[in-house]
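Each remark here refers to the structure printed beneath this line.
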Amino acid sequence: MNILFLYRIYPSYGGVEVVTTVLANEFIKDGHRVTIASFERGKEGLLEQLDKRVFLLHLNRSVLSLHNMRRMKCYCKVNNIDVIINQWGLPFYTSLFLKIAVPNIPLISELHGSPTVTKTLLTTKEKIFMSKTVFDKLKHRLVLFFKRCVIKYGLRYNLRVNDAYILLSPSFIPVLETFIGKHNNKILYAIGNPITVKTDYNNYSTEKTKTLLYVGRMDYANKRVDRVVDFWIRCHNRLPEWNMVLIGDGPYRQALEEKAKNLPRIEFKPFAVDPPIEFYKKASILLLTSDLEGFGLVVIEAMSYGVVPVVYGSYEAIYDIIDAGKNGIITGYPFNEEEFDNSVISLCNDNKQRELLANMAVEKSLVFSIDSIKTQWYTIINNIITI
Numbered sequence: 001m002n003i004l005f006l007y008r009i010y011p012s013y014g015g016v017e018v019v020t021t022v023l024a025n026e027f028i029k030d031g032h033r034v035t036i037a038s039f040e041r042g043k044e045g046l047l048e049q050l051d052k053r054v055f056l057l058h059l060n061r062s063v064l065s066l067h068n069m070r071r072m073k074c075y076c077k078v079n080n081i082d083v084i085i086n087q088w089g090l091p092f093y094t095s096l097f098l099k100i101a102v103p104n105i106p107l108i109s110e111l112h113g114s115p116t117v118t119k120t121l122l123t124t125k126e127k128i129f130m131s132k133t134v135f136d137k138l139k140h141r142l143v144l145f146f147k148r149c150v151i152k153y154g155l156r157y158n159l160r161v162n163d164a165y166i167l168l169s170p171s172f173i174p175v176l177e178t179f180i181g182k183h184n185n186k187i188l189y190a191i192g193n194p195i196t197v198k199t200d201y202n203n204y205s206t207e208k209t210k211t212l213l214y215v216g217r218m219d220y221a222n223k224r225v226d227r228v229v230d231f232w233i234r235c236h237n238r239l240p241e242w243n244m245v246l247i248g249d250g251p252y253r254q255a256l257e258e259k260a261k262n263l264p265r266i267e268f269k270p271f272a273v274d275p276p277i278e279f280y281k282k283a284s285i286l287l288l289t290s291d292l293e294g295f296g297l298v299v300i301e302a303m304s305y306g307v308v309p310v311v312y313g314s315y316e317a318i319y320d321i322i323d324a325g326k327n328g329i330i331t332g333y334p335f336n337e338e339e340f341d342n343s344v345i346s347l348c349n350d351n352k353q354r355e356l357l358a359n360m361a362v363e364k365s366l367v368f369s370i371d372s373i374k375t376q377w378y379t380i381i382n383n384i385i386t387i
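Below, the structure written as structure tokens:
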């Protein structure tokens, strides 16, 4: 089978890019031919993680350009592409591009996030909240209404032209149905992301250091990493035996480091080419306080190494990943500092409970093993190819 992935930028540190790499490598391993097409080139050094047999197709940034149409059409014809997996599944124009360029090739699009919560919507809501005049508030409300209409239209179009539309969690399906109304729900499926780091369940150890860990991009609008640092500002004196490590890069990192410069036992680490497995092996607790998440890949990665997640419940998928109180902790919506602080400190101070949750976290992570996830992908691909 000849499979082509399409995404905005590749390669890069983002979760979508990492998942694409892992799936591509697995499909190659199973004897298929794989291409990854992208509109922008990312960090070339990350190609070390990609099987050398995967071909890269570079398009230009103007998604609907004639150049891109011709290049995609020619490439798919010459290489007998059997199915396309569009990893940039929210905007309508990527599906439109593919339906114009290669209308007869089965198309699967995946939405890597909540249908109703996007970065642009969150930013506009923040502007409404910060508005100082009635006029500004009204203006931003109109902008928000317009943006929601565009997203609704895009989702309806995608469901009309795709052969399968994938969400990251079963919980997102009713959310999507409520948001866009009547649609073709026969093409809706839910497949979680696979664990993208190497795991060794046979040699798993509960011997952990007293480390609180954050892994992810350091921005404000999405990840709200400031909440993790603020927790340490408030609570480091109550946890004298613990330390905190934050791994990641992004536009907000310098401000966070400045904020934390006088705090004890806190360390910032940059992203590396290799995933942070050594940190997963040692850390006891993972902290995630995002306002915007699609899945939270770091959660299942950490769980596979017995790191207990404490996650702000801002998105539906986390309730499918974590069974609250059994293999992790979910704090309520909206974000409450006192609840979050108490949840983390209680877990830090209870060694027995922490070890119990760690063992159960490892067990739950098996649901997201690459073997489990790729089997679900093969089922959908085979269904639409044989229709």
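Numbering follows UniProt numbering, in which position 130 of the sequence shown is assigned residue number 130; successive positions increment by one, without gaps. A virtual CB, placed ideally from N, CA and C, is assigned to each residue, including glycine. The structure presented is a predicted model; accordingly, all values stated were derived computationally and were not measured.
Item	Value
In this structure, how does DSSP classify G154 when only helix, strand and coil are distinguished?	helix
Please classify M1: does DSSP put it in a helix, a strand, or coil?	coil
Whole angstroms is fine: what's the gap from V367's alpha carbon to N351's?	26 Å
Express the C-alpha separation of H236 and N349 in angstroms, rounding to a whole number.	13 Å
Within a Cβ cutoff of 7 Å, which residues of the same chain sit near Y75, ignoring the five residues on either side of it in sequence?	L57
Enumerate in chain order the residues of its own chain whose CB-to-CB distance from R224 is below 7 Å, with the five nearest sequence positions on each side excluded.	T289, S290 and D291
Within the same chain, show all residues whose beta-carbon is closer than 7 Å to that of N382, passing over the 5 residues directly before and after it, in chain order.	none
Mind the definition here: the region 357-367 touches the region 298-312 only if three or more C-beta pairs lie below 8 Å; say whether that holds.	yes
Based on Cα-Cα distance, which residue from K152, I128 and L155 lies nearest to L142?	I128
Whose CA, out of I266, S65, E110 and P11, lies closest to the CA of V54?	P11
Residues bridged to K269 by DSSP?	I247
So does the region 192-206 actually touch the region 16-27, counting three or more Cβ pairs closer than 8 Å?	yes
What are the boundary residues of the beta strand (DSSP E) that H58 is part of?	F55 to H58
Shortest alpha-carbon distance to N359 belongs to which of L347, T375, F27 and K326?	K326
So, for I370: in the same chain, excluding its five sequence neighbours on each side, which residues have a beta-carbon less than 7 Å away from its beta-carbon?	V22, E26, P194 and I195
Assuming the contact rule is C-beta atoms closer than 8 Å, A317 and L168 should be a hit. Round their C-beta distance to whole Å, please.	5 Å
So is H140 buried or exposed if we call it buried at 16+ other beta carbons inside 10 Å?	buried
Under the rule that 16 or more other beta-carbon atoms within 10 Å means buried, what is R70, buried or exposed?	exposed
Could you spell out the range, first to last residue, of the alpha helix (DSSP H) harbouring T21?	G15 to K29
Please tell me whether N184 and E177 are closer than 8 Å, where the distance is taken between their beta carbons.	no
For N86, does the three-state DSSP call read helix, strand or coil?	strand
Among the candidates L263, P270, I233 and I385, whose CA atom is the shortest distance from the CA of E337?	I233
Ordered along the chain, which non-local residues of its own chain (more than five positions away) have a Cβ less than 6 Å from that of V197?	P275, I277 and E301
From residue 453 to R227, what distance separates their C-alpha atoms?	Nothing about residue 453 can be reported from this structure: the residues present for the chain run from 1 to 387 only.
Bridge partners for V34 per DSSP, in chain order?	I3
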